[in-house]
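Under numbering that gives the first Met the number 0, the first residue of the sequence shown carries the number 0, and numbering increases by one thereafter.
Think of the CB as a built atom: it goes at the ideal place given N, C-alpha and C, for glycine as much as any other residue.
First comes the structure, then the notes that go with it.
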Amino acid sequence: MDRKESVQQKVSGAPQDPGCYIWKDAAGEILYVGKADRLRTRLRNYLKPETIKTAMLMQKVRDLEWITTETSAEALILEDTLVKKHKPRFNVRLKDDKRFPYLCVSTSEPFPRIYLTRSVRKDGNRYFGPYTDVRAARHILDLIHKTFPIRKVRQKLPLSRPRRPCMNFHINRCLAPCQGTVPEEEYKKIVDELILFLEGKHELLEELVKKRMDQFSQEMQFERAAIYRDILSSLRRFQERQTVSRPGAGDEDVIAVARDESYGQAVVFEYRQGNLTGRKAFPLTGLEAADEDDLLQSFIREYYLSNQSIPPRILMSHRMDHQERSILEEYLSKTSDRKVRLRHPQRGASVTVLEMARKNAELLLKEQVIKVRSKDRRSGLEEIKEFLGLDAAPEIIECYDISHFQGRQTVAAGVQFENGQPRKAGYRRYIIKSVEGIDDPASMREVIARRIQRLINEDGKMPDLIVIDGGSTQLQAACEAAASLGQEDLPMVGLAKKREEIYLPGRPVPLSFDKNSAGMRILRHLRDEAHRFGISHQRIRSNKAQLKILETSIPDIGQQRIRAMLKHFDDRKIGDASIEELMEVPGIGEKLAKKIHQALKSTESEAAPDSEAPLKNLSR
């Protein structure tokens, strides 16, 4: 029985119950975890994949498991648990989700306290978060302790024997329930107000605090009135910093996602009573072949299943499958004890807010990509140092490639990378002068000799590593050129195209490294950039040669139009241009375009310049 038949047989045996399904590869590794109302019906859809993600997944699938549940809501929770536990490569998930901090109000205790934690449990306490920045979470915690006089010290209350209060009591930061003089009901009221603050209901909280301050003042309990006066003052200062508002919007979250190749970013704007109270940003991982819909659905599931502060309305940047949305709405409504709606608005003020969230997601994604790639470059250079046995991570790397057209127009290109990224000022183009016909090793020997000789003449700094686009013969020729100029210790390697193997000087057997490692990605980028630059050089020379022939065969074309054509086509091949494309060049109409097109086709065989053609020499 082949793989396909085996999978089909397992799918046909799946029940029509709600539950979770688990796709595995040949080694038993979990590739993807999903949920379904009817397992067999959902699994049959995988047998005829309609999306790139599904097709890529099914190419690797060798085994299937499922777990049935009583309801779709239970399947949703089980899916979230399995994804967090196994981190399957095809499931989108929060990056480093265990690291996000929460604020916990220990409402399971008689005299609750608030503290920072990185785990959420079903223990009767209230959890708020997650916070993407631990410093921001600590700042809020510090603000709370300055505003609400609740205890900081971890201890089991009430105590059997009252104790002397700590310094927090004397600086009006705690009511000191440890000394047994604070009624539990009075303390609970302050905790309830703290929860209103964390839920973002600042206007309601301010009204409540003012009312209680006035009440204690009328009852001549001025010390207690002073406590609420200070809370009110802190709340008003905090409110002054909230500048973005949506009058009449009430409580809602606005969610947007963005992605770029292997990177993803989710942004949550929290509006409470119409005021923007916070922006949270979450990097996403597991994006292989996923689209924005997958990102959104997976993020909402993971974010709200561990979040107890759920607003009645959630605006989304993308549509969600109706069935998936209904299951999520049902679960979130049950969890928050109120109706929760997921919406993707098409018009009105909500679209403007979603656009703002989407722009934030895109900007944060750019920052994330820059940060990750910078980290990859540093680790990649260290990898290159290790597997090539260099004394230090190479700061300057150069790569050289030979290019020709059927043995003619042999040119070379050299590119330079500084700290793992292209440095265009170090790019060089060469016209091979001493080699006739096809002889890549001899051409490479000339290029490397010219480059090293120029650095010696100008007293320039030698590169930390030279990469040769080719195998052992090209590398050997380059090493001979360096040795002839007294630079036999200059580190060089060859990078073969076919198998991505690395050749070292004097070793006929190449070395193989992880093709997806950061170091190999840098070397591949170097090689590909040198090849691209060499082909570009070849096309520019070919264009100049063809235009030189045009200048003599079409007298009315003129130098101005020649320059305009060179600029318009840049490094594209003019000989392949259609009449319509030629007419896009400024100053060329239909009649002249037809003349040029006919001349290009009839003289294309003559366009290859010989080594003595009076073209601008771009070699250095």
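Assignment of beta strand (DSSP E) within the stretch 21–79, counting only whole runs of 3 or more residues, yields 29–35 and 62–67 in chain order.
When the alpha-carbon of V410 is set against those of I313, R377, E381 and R444, the nearest one is in R444. Contact between the stretch 387–403 and the stretch 519–528 is present: three or more C-beta pairs spanning the two stretches fall below 8 Å. Separation of L510 and Y502 (C-alpha to C-alpha, rounded to the nearest whole angstrom) is 6 Å.
Positions of the beta strand (DSSP E) runs, each at least 3 residues long and wholly inside the stretch 484–520, are given as 491–494 in order along the chain. In the three-state scheme derived from DSSP, where H, G and I count as helix and E and B as strand, S402 is classed as strand. Remark: C-beta atoms of L489 and A481 approach each other more closely than 9 Å. The residues Y101, C103, V119 and Q307, in chain order, have a CB closer than 6 Å to that of Y126 in the same chain once the five nearest residues on each side in sequence are set aside. Here R300 has L75, E78, D79 and L327 as same chain residues with Cβ atoms under 8 Å from its own Cβ, once five neighbours each way along the sequence are excluded. Counted as a single uninterrupted DSSP element, the beta strand (DSSP E) harbouring L314 occupies residues R312 to M315.
As computed with DSSP, A257 is found in a beta bridge with Q264. Within the stretch 407–492, the complete alpha helix (DSSP H) segments at least 4 residues long are 439–456 and 471–483, listed from N- to C-terminus. In terms of Cβ geometry, H530 and D320 do not form a close pair [threshold 9 Å].
Checking the DSSP bridge columns, you'll see K279 partnered with V267. Between I149 and Y186, the C-beta spacing is below 9 Å.
Pairing N44 with L207, the inter-Cα distance amounts to about 55 Å.
Per the Cβ contact rule, the stretch 53–63 is not in contact with the stretch 332–352 (fewer than 3 Cβ pairs under 8 Å). Taken through DSSP and simplified to helix, strand or coil, G379 comes out as helix. When beta bridges are read from the DSSP output, R125 appears opposite V104.
Put simply, the backbone Cα of K3 is about 49 Å away from that of E580. The DSSP-derived three-state label of T116 is strand.
Ranked by how close their Cα comes to the Cα of K151, the residues P182, D122 and S105 have S105 in first place. In the DSSP assignment, the residues bridged to R92 are T284.
Within the DSSP bridge table, the entry for C177 names no partner.
Around the Cβ of G436, a 10 Å sphere holds fewer than 16 other Cβ atoms; the residue is exposed. Comparing C-alpha distances from R449 to each of E479, E69 and D468 shows the shortest one belongs to E479. Beta-bridge partners assigned by DSSP to D292: none are found. Exclusion of the five residues before and after P164 leaves C173, A175, C177 and Q178 as the residues of its chain whose Cβ lies within less than 8 Å of its Cβ. Around V10, the same chain offers R39, L42, R43, Y45, L46 and L63 as residues with beta carbons nearer than 8 Å, after the five sequence neighbours per side are excluded. When C-beta atoms of the stretch 9–28 are compared with those of the stretch 65–72, three or more pairs fall below 8 Å, so the two segments count as touching. Look at the beta carbons and you see the stretch 413–433 touching the stretch 374–381: at least three pairs across the two are nearer than 8 Å. Excluding sequence positions up to five before and after I595, its CB lies within less than 6 Å of the CB of L581, all in the same chain and listed in chain order.
When the alpha-carbon of A598 is set against those of S577, K333 and D513, the nearest one is in S577.
Taking a 10 Å sphere around the C-beta of F221, we find fewer than 16 other C-beta atoms and assign the residue as exposed. Residue range R340 to R342 is occupied by the beta strand (DSSP E) that includes R342. Q8 counts as exposed, since fewer than 16 other beta carbons sit within 10 angstroms of its beta carbon.
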